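Under full-length UniProt numbering, residues 1 to 394 are what the sequence shown spells out, in order.
Take a look at the structure below.
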Amino acid sequence: MFEHLKAQPADKILALMQAFKDDPRDRKIDLGVGVYKNADGVTPVMHAIKAAEHRLWEEQDSKAYVGLAGDPAFADAMIGLVLGDSVAQSNIGAAATPGGTGACRQAFELIRMANPEARVFVSDPTWPNHLSILKYLGIEAMAYRYFDDETRGVDFGGMIEDLKTAKPGDVVLLHGCCHNPTGANLNLTEWQAVIDLMLDRGLVPMIDIAYQGFGDGLEADAAATRLVAEQVPECLIAASCSKNFGIYRERTGLLMAVSQDAGQRKLNQDTLAFLNRQNYSFPPDHGARLVTMILNDDGLRADWARELEDVRLSMLGLRQSLADELQRLSGSDRFAFLAQHRGMFSRLGTTPDKVEKLRADYGIYMIGDSRMNIAGLNARTVPILAKAIVDAGV
Ligand code: PMP
1 MFEHLKAQPA
11 DKILALMQAF
21 KDDPRDRKID
31 LGVGVYKNAD
41 GVTPVMHAIK
51 AAEHRLWEEQ
61 DSKAYVGLAG
71 DPAFADAMIG
81 LVLGDSVAQS
91 NIGAAATPGG
101 TGACRQAFEL
111 IRMANPEARV
121 FVSDPTWPNH
131 LSILKYLGIE
141 AMAYRYFDDE
151 TRGVDFGGMI
161 EDLKTAKPGD
171 VVLLHGCCHN
181 PTGANLNLTE
191 WQAVIDLMLD
201 RGLVPMIDIA
211 YQGFGDGLEA
221 DAAATRLVAE
231 QVPECLIAAS
241 CSKNFGIYRE
251 RTGLLMAVSQ
261 DAGQRKLNQD
271 TLAFLNRQNY
281 SFPPDHGARL
291 VTMILNDDGL
301 RADWARELED
311 VRLSMLGLRQ
321 SLADELQRLS
331 GSDRFAFLAQ
341 HRGMFSRLGT
351 TPDKVEKLRA
361 DYGIYMIGDS
371 RMNIAGLNAR
381 TVPILAKAIV
391 DAGV
């Protein structure tokens, strides 16, 4: 049997991580993998997570199964965090999932179950896992223009034009904030225009929100998702706790199915529980429990929000200093977009050849499409990167 297996394409990011590890140069800089790193290059456990884990260790007296959709208290807490009071809780079906990836996977499965004809419109580019999971599930992915190579902002005209080709019932996958891999985001006026178009054409939004708190703040980063959820008849929202709680390996996420028709909720909820059962039965609980404890405890929540804000501001600071240094060295404003981008990533917008040159000649590791993890930088490495970018003729 096993001899019939075919080799699968290697994950490019993981291959890059390995190449970085194997590189003996002292001055190498890792801007590859998508985890937050502090100025010492460490991905720390947040204080509030440690405190919640300590409390959990003392208080938890059973590891028995929870529910198929996870603990409802986790869903309630996360719905509050993502949606605020934009939608009545009674209209939302929700299930805990293994990370945001699990939430996306379950969302795609639900789409395929509900409407096998539906195509999923994805930004060009998007997080590569979107494409590979869609392909794996046999769902047709349709790219819509998103990144403008000239301005390094959003090609909004192209995006709207492409979304106009969607048919009623098609799904539009949108990044709630901090677009991965580009860092370029719609403003709220543009979001409203996309909502109007989706309403007009009967399209179903799916929002992937994996970086709430990394862009403009916890509330601001959720604003677009809320704008969508309160206006459309139905939508799917896949939320990840990996980044904003720093609990990557705990696999913590939530899929929400929002409907303006409260009568629909039970069916949505039961479907989400069914889908969990088919794929892995009970979702992981540890991370979800920590998140619930933090969000429901004023002290822990304030501590968490403060630390997250420090993380956000440190990335904004790095963006600004990189843009300033590039301005100084290149004598032009063509890198100003780096300070306008939001979240952990920016697409530099250069060719694979230049990306390879940066790696080979300067020990700078970024993804082949020129995505840089801004959190891979610190005050020492910003000038080194800026000089390499200019010297390499980017
Ligand atoms: N969506 C996007 C756009 C992401 O960048 C990520 C993280 N790389 C995820 C979802 C999900 O991450 P996780 O499964 O680790 O929660």
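Backbone N, C-alpha and C fix where the C-beta goes; we use that ideal spot for every residue, glycine too.
In this text the structure is predicted, and so the values were computed from the model without any measurement.
Count the other C-beta atoms from every protein chain shown that fall within 10 angstroms of the C-beta of residue i, then say buried if there are 16 or more, exposed otherwise.
i           : result
GLU278      : In the sequence on display, residue 278 carries Gln and not Glu. Under this definition GLN278 is an exposed residue.
GLN106      : buried
residue 402 : The first residue shown for the chain is 1 and the last is 394, placing residue 402 beyond what the model contains.
ASN187      : exposed
TYR144      : buried
VAL42       : exposed
TYR365      : buried
TYR146      : buried
SER62       : exposed
SER281      : exposed
LYS243      : buried
PRO352      : exposed
THR101      : buried
TYR36       : buried
GLY299      : exposed
PHE2        : exposed
THR225      : buried
GLY32       : buried
VAL311      : buried
VAL45       : exposed
ARG249      : exposed
ASP221      : buried
ASN185      : buried
residue 401 : Because residue 401 is not part of the residues shown, which for the chain are 1 to 394, the question remains open.
ASN373      : buried
LEU199      : exposed
If distances are taken between C-alpha atoms only, which option among the options comes closest to residue i?
i           : options                           : result
ALA103      : ASP124, ASP71, HIS130 and SER90   : HIS130
PRO98       : GLN269, ALA10, ARG347 and HIS286  : HIS286
ALA375      : PRO168, PHE74, GLU59 and GLY215   : GLY215
ARG251      : VAL87, LYS37, ASP76 and ALA96     : ALA96
MET113      : ARG312, ALA392 and LEU267         : LEU267
VAL154      : ASP30, SER346 and VAL390          : SER346
LEU385      : ALA323, THR351 and ARG342         : ALA323
GLY70       : PHE20, ALA239, ALA288 and THR165  : ALA288
GLU307      : LYS357, THR350, LEU31 and GLY213  : GLY213
THR271      : PHE245, GLY202, LEU68 and ASP297  : LEU68
residue 412 : MET198, ASN296, ASN373 and ASN115 : The structure shown does not extend to residue 412, since the chain spans only 1 to 394, so no value can be given for it.
THR350      : SER332, ASP369, GLN340 and LEU56  : ASP369
SER332      : PHE108, LEU163 and VAL394         : VAL394
VAL232      : ILE195, TYR248 and LEU173         : ILE195
GLN8        : TYR136, MET1, LEU31 and GLN60     : TYR136
LYS167      : ILE79, LEU218 and ARG201          : ARG201
SER314      : ARG342, GLU356, VAL45 and ASP361  : ARG342
PRO181      : LEU134, SER86, MET198 and ASP124  : ASP124
MET142      : GLU150, ASP148 and SER132         : SER132
ALA193      : GLU219, GLY217, GLY169 and GLU161 : GLU161
ARG301      : LYS387, ILE389 and LEU218         : LEU218
ALA262      : MET293, ILE111 and SER90          : SER90
ASN276      : ALA88, LEU16, GLU53 and GLU109    : GLU109
MET293      : LYS21, GLU140 and ASP76           : ASP76
GLU117      : GLN264, ARG371, ILE139 and LEU134 : ILE139
ALA223      : ASP85, THR151 and ILE247          : ASP85
LEU227      : LEU174, SER330, GLY317 and ASN38  : LEU174
Going by DSSP, which residues form a beta bridge with residue i?
i      : result
ILE139 : ILE139 pairs with nothing; no bridge assigned.
MET256 : ALA94 and ILE237
TYR365 : ASP30
VAL154 : PHE147
ARG380 : Answer is none; ARG380 lacks a bridge partner.
VAL171 : VAL120 and VAL204
PHE345 : ASN373
ILE133 : Note: ILE133 sits in no beta bridge, so no partner.
ILE209 : ALA239
Between residue i and residue j, which are expected to be in contact by the criterion C-beta below 8 Å, what is the C-beta distance as a whole number of angstroms?
i      : j      : result
CYS178 : MET344 : 7 Å
LYS83  : ALA229 : Checking the sequence shown, residue 83 turns out to be Leu, not Lys. Rounded, the Cβ-Cβ distance is 6 Å, consistent with contact.
GLN327 : PHE337 : The pair is not a contact, with the Cβ atoms about 11 Å apart (cut-off 8 Å).
ASP23  : GLY363 : 6 Å
LEU56  : LEU290 : 7 Å
PHE121 : VAL171 : 7 Å
ALA305 : ARG319 : Actually they are not in contact, since the Cβ atoms of ALA305 and ARG319 sit about 21 Å apart, beyond 8 Å.
ILE79  : ALA94  : 6 Å
GLY169 : ASN115 : 5 Å
LEU16  : ILE367 : 7 Å
_With three or more beta-carbon pairs closer than 8 Å as the criterion, would you say the region 258–266 touches the region 1–20?_
no
*Any contact of the region 36–52 with the region 182–198, i.e. 3+ C-beta pairs under 8 Å?*
no
*Determine, using beta-carbon pairs with one atom in the region 27–35 and one in the region 368–386, whether at least three such pairs fall under 8 Å.*
yes
*Touch check for the region 196–212 and the region 231–246: three-plus C-beta pairs under 8 Å?*
yes
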